[in-house]
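Using the numbering used here, you'd call the opening residue of the sequence shown number 1043 and step up by one each time.
Every residue, glycine too, gets a C-beta built ideally from N, C-alpha and C.
Remember, it's a predicted structure, so these values are computed and weren't measured experimentally.
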Amino acid sequence: MLNPVQGGYAVWNARVAYQINKTWSAAMNVENLFDKHYYSSIASNYMNNYVGEPRNAMLTLRGTFK
């Protein structure tokens, strides 16, 4: 029987936001900031090993109208 082992790891996320004016705000989120390669799930048969998400970013522009 195989016994896969994964060492400890940390995945860092970051968010920065800016209030443009009373109506508009912008934000940027980055997940896996340092692009760490890791397995989010490992199994003894190596059939269900899932690689964690690579670095990705999202930009949000939000308008609030009253």
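So Val1053 packs on Tyr1080, CB below 8 Å; how close in whole Å?
-> Val1053 to Tyr1080, Cβ: 7 Å. Contact.
In angstroms with no decimal places, state the Cα-to-Cα distance between Gln1061 and Asn1090.
-> Going by the C-alpha atoms only, they are around 43 Å apart.
Nearest-angstrom Cα distance between Val1093 and Val1072?
-> Across the structure, Val1093 and Val1072 are spaced so that their CA atoms are roughly 18 Å apart.
Measure the C-alpha to C-alpha separation of Asn1087 and Tyr1051 and round it to an integer number of angstroms.
-> Those two C-alpha atoms are separated by around 22 Å.
Cα-Cα separation between Lys1064 and Asn1045, rounded to whole angstroms | When rounded, the distance between both Cα atoms is 56 Å.
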